[in-house]
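These notes are about the structure you will find just below.
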Amino acid sequence: MALFIVRRLIGLVVVLFAITVLTFLIFFATPGVDPTRSLAGRNPTPETVAAVRHQFGLDRSKPEQYVLMMKRLFISRDLVSYGNQALKVVPAITAAAPVTFSLVIGAAVIWILLSILTGVLAVVLKGSIWDPLLMIVALIGISMPVFWLGEVANLVTQDRLHDTFLFSWVPPLGYTPLTENPWQWFLHLIIPWLTLAALYVGFYARVLRANLLDVANEDFVRTARAKGLSERRILTRHMLRTSMITFVSLFGLDFAVLVGGGALLTEVVFGLPGVGLLTYRSLQSLDLPVIMATVIYGAFFITIANAVVDILYARLDPRIRPT
Amino acid sequence: MSAFGEPLVEVEDLVTHFPIREGLLGRQVAAVHAVDGVTFSVGEGETLGLVGESGCGKSTLGRTIVRLLAPTSGDVRFQGRSIARLRARELRPLRREMQMVFQDPYASLNPRKRIGSIIAAPMKIHGVADARERRRRVQELLDVVGLSPEHYNRYPHEFSGGQRQRIGVARALALRPKLVVADEPVSALDVSIQSQMLNLLEDLQEEFQLTYIFIAHDLGVVRHVSDRIAVIYLGKLVELSPAAELYERPIMPYTEALLSAVPIPDPDLSDQRERIVLQGDVPSPIDPPSGCRFHPRCRYRTDVCSAVEPPLVDYGGGHLAACHHPLGVDDETLARVRRAAPVTDAASRASP
Amino acid sequence: MTAAPPPPLLEVRDLKVSFNTEDGVVRAVDGVSFTLGQGEVLGIVGESGSGKSVTMMSVLRLINDPNAVFEGEVLYKGRNVMDLPEDRMREVRGGEIAMIFQDPMTSLNPVYRVADQIMEAILTHQAIGKAAARTRAVDLLRQVGISQPERRADDFPHQFSGGMRQRAMIAMALANDPDILIADEPTTALDVTIQAQILDLIARLKDEFSSAVVLITHDLGVVAGIADRIGVMYAGRLVEFGGKRDLFYDPQHPYTWGLLGSIPRLDRPKQDRLHSIAGMPPSLIDPPAGCRFRPRCPHAFDRCETEPALEVRGGGARHLDRCWLDPESKRALRDRTMRGESAAA
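Protein chains in written order, with my numbering: chain A, 7 to 329; chain B, 509 to 860; chain C, 403 to 747.
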């Protein structure tokens, strides 16, 4: 176990290094990209330009700039945004992170429960009309792009049907922290949760169903039946339990990506000030320090989540040892 | 025990280990001693049976001989030429001379290719014959193995297990090899199909002048096809003998136990026969027992058996065995062979 | 014996199992009848596609295929198993009739410990506490010859070897003292020395547990030691059925001769050529008219166009077969076949 952790930590450092270098090269070393112009304001004089360049260290060599940025990011944590010099990058991320977590964790809980329910139902009702119906619904869920679904949801809940009893409770787009007002927090998030979950419910229900049907043919299921176990027990203790292995590893990876800022489109559509929205805005304005920070944030979480998934995987399947 | 030709294949102190790596840097911490120092030779036109249970290394041995695997140490010689250290390019022309037939007829044929293409593949790879000639030869081979030449365009899944195995044999024969290593070719087949297959293999040996190394765990089958039989246990050659003699006079207790474990389809004989039921399982090749590897399960063991590895000794008539307490050997013979040098490479290589 | 024989424990009457597939109706089992008495060992021998597994899986109603159609009766202790409600059937499965399967490597659930799986079998059928179930599980492991059972009970299946897994399966099957143990090719996937151990174990345990055993196999050698009576199946039917000695020393059906002749035998001098049965097993979708074995039988004659019934013909009482040949010709032809002189592949 200790060896596993050490290995993963080394891996984390290597990944972060590689990612930051790559991002740096893409955004800072690409010819034609010159942040000076946006930094220096309108019609800058050459002196202003030179001063700006010096202030932001843009007149130094590339490796020096890289080291400088890393230092500002990790050690002194006073890296400032190019777009808004009053904005310190690291605090901005730490403020945005809870929003993303709220969104993603809530959606994840919903999608896990719904997909297990749907997948199991489809298997139990196999042979009847419900199985293909459920799978078509799942397919529809996968096929709707989240930004489209989100905008449609907004259209319906904020505009068209807002005045009816159905959706009058829906607050305007935005976010309220949990600590401030739990009920408002919930109301702000419930529609985004369902929108984000829709895609994943579809996918996971289909995956689970396929897994369950595969496992149903395994020899140990036949043994379980020969022992006289009830179908329900066979389904839960034998079939579901072994199908969970794949389910959990897929989930871990998807979750990691979302937490790392992958719920970008959802945050934009619903006006939630999470890491995704931050990334989106910084890309639009080429606010390089912020981009760098969000990328690191994402890579960090994905690496951690990978490690957690591997540990979970080993717990679920005793034949595997985490490496 | 007729005289066979010059040795076609010679194996000398062959060792094939699979490393087990652990730790941050992938250090080798242990090894699977799949083949751990085996020496024998096979004459031209002979059938050598390799017998042993799962994990004994016989499949690994077979694959090392045809260089599907690289040996860790020791030598393999084909027609007098050492092939153990050859690299891929040098091996290529040799692959025409050595071919393998595999155990699982369901897994060893590519399900996406038609069988005509599967059988022609070796010819194509080695640039033998043009397309039309290849087709003709494939149809000839199909006929030779007892399938209909019209099946050229069918897919493997359209055939039964026995037929698929015939296709595998046809593929192995496509380049007219000298040596065919058959790795459990009939184990997955039903009894009635098995006998068809064995008869076919015998006919083909005569027709194409093949030399066989026949790997199996079924002693009845092995006896039927083999001229000599080698018994492998945990990577070591423990007994080597002309076929008939092995069954009449097994020398090594493991052979004795193997023979007594084979079910006999005769109730009275089955009752009367002395059943030696070995205790325990085959130990792991990662950490083989000291001394004689069979000693933990041997009912004749004494202290020397766990301390000293018995040398392979010639008991006369080409019957070699490695045991401190050889069965059915009277004291005089025992003393005599003990005085003689233990079997060197030369003695075990000599074809009977 | 003056007293009437006790009613058979299991009686299969004209069992038919067919599957509706795209290619047609597959008649996997086409009219199989036999009985099994208490404490008896019945061997069912056949090659792949003979229907032997489907027959015994139908006894336990383990075939879940919605395309399967069952006809006939399976009487267990006088009640027709085919009519039992599912919950009653579950009590029978594992509780009164237990089954073990061929491949021990995959027959145990890899994520649960061995003891837990045995305990599951016990707790499903017996109202005892978990601690008592655990004690019993460890006890069973000891009885099947697993050393250090206390410790090994907590292992996962992948930590057991093939032979040990099969022993654990047997322990699990016998956990509830079943009346019948069905073993479907229990040793086919195992090495010969381990096979000997397992067969030995089954022979010993059947007495300790007073169970009847149905042993399904394709290897006639396996049943020669352990069986009391043997049935030979071909193309979904029993073609010969009789006591062990009758079957081995006086076989009446050409398929049985073929099987016996195809085995390379260690107890006889080496033959030049193995006898083999010509051709291939028939399609079960469109079985040939008349005797199913006719296309492959070197001794077929005109009468074989009509299917023979399974009855006593010339082999002595309680020795049934499906062959029209008269007893005299049978013996002559049989000797020639099994000596390899008759027409071979």
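From the three backbone atoms N, C-alpha and C, an ideal C-beta is built for every residue, glycine too. If you're wondering where the values come from, they're calculated on a predicted model, not measured in any experiment.
Three-state class that DSSP yields for residue i in the structure shown
i      : result
A/D323 : coil
B/K621 : coil
C/D723 : strand
B/S859 : Reliability fails at B/S859, whose pLDDT of 41 lies under 50, so the model's placement of it is uncertain and no value is given.
C/V513 : coil
B/M760 : coil
C/Q654 : coil
C/Q568 : helix
A/S87  : coil
C/I582 : strand
B/H665 : helix
B/S768 : helix
A/Y72  : helix
B/R846 : helix
B/P515 : strand
A/I146 : helix
Exposed unless 16 or more other CB atoms sit within 10 angstroms - verdict on residue i
i      : result
C/Q504 : buried
C/I600 : buried
A/F80  : exposed
C/M458 : buried
C/A719 : exposed
B/N661 : exposed
B/K686 : buried
A/I16  : exposed
C/E707 : exposed
A/S249 : buried
B/Y614 : exposed
C/N469 : exposed
C/M403 : Since pLDDT at C/M403 reaches only 49, below the 50 mark, its modelled position is unreliable, and no value is offered.
C/N511 : buried
C/T651 : First, the amino acid is wrong: residue 651 of chain C is Tyr here, not Thr. Flag for C/Y651 reads exposed.
Residue from the options whose Cα sits closest to the Cα of residue i
i      : options                           : result
A/L246 : A/L270, A/V221 and A/V73          : A/V221
A/V27  : A/E70, A/L155 and A/A8            : A/E70
C/Q568 : C/P487, C/D602, C/R538 and C/P580 : C/D602
A/A114 : A/L195, A/W199 and A/R321         : A/W199
C/T526 : C/S509, C/L543, C/E498 and C/E552 : C/E498
C/L662 : C/C725, C/A598, C/L712 and C/R738 : C/R738
C/D674 : B/R847, B/R603, B/A829 and B/D735 : B/D735
C/R429 : C/T437, C/N482 and C/K418         : C/K418
B/L556 : B/L569, B/G563 and B/S562         : B/L569
B/R783 : B/L767, B/Q611 and B/N707         : B/L767
C/P671 : B/P797, B/A639, B/E753 and B/M760 : B/E753
Per DSSP, cross-strand counterpart(s) of residue i
i      : result
B/Q536 : B/R529
B/Y741 : B/K744
A/T185 : Its beta-bridge partners do not exist; DSSP assigns none.
B/D691 : B/I723
C/E473 : C/K418
C/L412 : C/L438 and C/Y478
B/A829 : B/E747 and B/V821
B/Q607 : B/V688
C/L444 : C/V616 and C/R631
B/L556 : B/I721 and B/R736
C/T423 : C/G426
B/D544 : B/V523
Residues of the region 530-563 of chain C whose Cβ lies closer than 8 Å to any Cβ of chain A, in chain order: F558 and H560
Residues of the region 207-225 of chain A whose Cβ lies closer than 9 Å to any Cβ of chain C, in chain order: A222, E224 and D225
Members of the region 593-624 of chain B near chain C, C-beta cut-off 9 Å: none
Under 7 Å (Cβ pairs) to chain B, residues found in the region 665-679 of chain C: I665, P666, R667, L668, D669, K672, R675, L676, H677, S678 and I679
Residues of the region 582-598 of chain C whose Cβ lies closer than 8 Å to any Cβ of chain B, in chain order: D593, V594, T595, I596, Q597 and A598
Residues within the region 453-473 of chain C neighbouring chain A, beta-carbon criterion of under 7 Å: L462, L464 and P468
Contact residues within the region 621-654 of chain C, judged by C-beta distance below 7 Å to chain B: D621, L622, G623, V624, A626, G627, K646, R647 and F650
Near-chain C residues of the region 561-576 of chain B - C-beta to any C-beta below 8 Å: E561 and S562
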